[in-house]
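Below you'll find the structure, written out as structure tokens, and then a few comments.
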Amino acid sequence: MVDVAPSRGSSDEGDPEHEDKVEQWRARSREKAKRKGSFWKELPILIGVAVLLAVLIQTFLAKVYMIPSESMEQTLHGCSNGCFGDRVLVDKLTYDFSEPEPGDVVVFHGPDTWINQDFVAAEPTNPVTRGLQGLGSLLGFPSANEEDFVKRIVAVGGQTVKCCDDRNRVMVDGKPLDEPYVYWAPGRSTVQESFADLKVPEGYLFVLGDNRNDSCDSRCQGDGREGGLVPVDNVVGKARTIVLPPSRWQGIGDHDPQAVAIGAPAWQDALPAGAGLAAAWPVLLLGKRARARFRSARLR
């Protein structure tokens, strides 16, 4: 609806009601002009605040990363050329309050001993494109980074890892791992590459790709021994969720491969729940009796 100023015919001159309408129309016009000017003045501030929040969130809380290689198939889909790899949300806050654990899928900065053999990112030659790419990274648009890797933790500091037992399973502290997430790419060997016992020092992690025979990880990076380990300080965060493409929306599992082999038997794990259930029955019965007595007392 368009506001139109009331006509100022001679018959209306001196009419108080007419003058009030004119004044109201002028007040509305001034208010609209003020709001319009205020919006354009506030827009740069709003954009600045949004950019600042985006940078702070990505620095301290969470960041989206692109999966550029196939080393984590089929947990994470990767693609470096001509297709769309998974975009994952990485929680950067978790490890401020806890330590990385076996089964966690983590993003980390590659140690100096690591060379990216999984993919090669195409570096833009145009300085404007390079600048826009850097700005987009700050604002949350992921791009492939040859210095960052994503793998799964299978052993932590103080544990000894080796491969393999007679059933082709990685072993930690002499116990075979339970790894339902391992993927064997078609046309490649389904026998894991063996390696001798390796004691993981405190403050380091032994990581492997889920696509076990199509991943260069702690087995082949550096010297294939201590040089392939990842310092805990290099971990950026824990991969939590696949956010893009929409068809892939899902959480990222952190199944602990040591839980079955090294942890307590399943029947022992069920003891706390069973004890709680057993204790719940007398509590419920006592509660029912108390309510019944309370109701009968009120009726008296």
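Sequence positions in the sequence shown follow the UniProt record's numbering and run 1 to 300. Positions of the beta carbon are idealized from the N, C-alpha and C atoms, including for glycine. For clarity, every value in this text was computed on a predicted model and none was experimentally measured.
Between P257 and E179, the C-beta spacing is below 8 Å. By the Cβ test, the region 197 to 208 is in contact with the region 148 to 159, since at least three Cβ pairs between them sit closer than 8 Å. Annotation: C216 to G78 spans about 14 Å, alpha carbon to alpha carbon. Contact annotation: V105 and D214 have beta-carbon atoms that are not nearer than 8 Å.
Taking C-beta separations shorter than 6 Å and ignoring five residues to either side along the sequence, the partners of L76 in its chain run I67 and D86, following chain order. Under the rule that a run must span 4 or more residues, the alpha helix (DSSP H) segments found entirely inside the region 195 to 273 read 259 to 262 and 266 to 269. Comparing C-alpha distances from S247 to each of V236, F84 and V172 shows the shortest one belongs to F84.
Between T190 and W184, the alpha-carbon positions lie close to 6 Å from each other. Burial check for W249: the Cβ neighbour count within 10 Å stays below 16, so the residue is exposed.
Taking a C-beta distance under 8 Å as the contact criterion, V90 and R240 qualify as a contact pair. At the C-beta level, G227 and V200 stay beyond 8 Å of one another. Between S71 and N211, the beta carbon gap of about 5 Å places them in contact (Cβ cut-off 8 Å). Per DSSP, the unbroken beta strand (DSSP E) holding H109 starts and ends at V105 to H109. Under DSSP, V191 takes part in no beta bridge, so it has no partner.
Taking 8 Å as the cut-off, the beta carbon of Y65 is found no closer than this to the beta carbon of K238. The DSSP-derived three-state label of L89 is strand.
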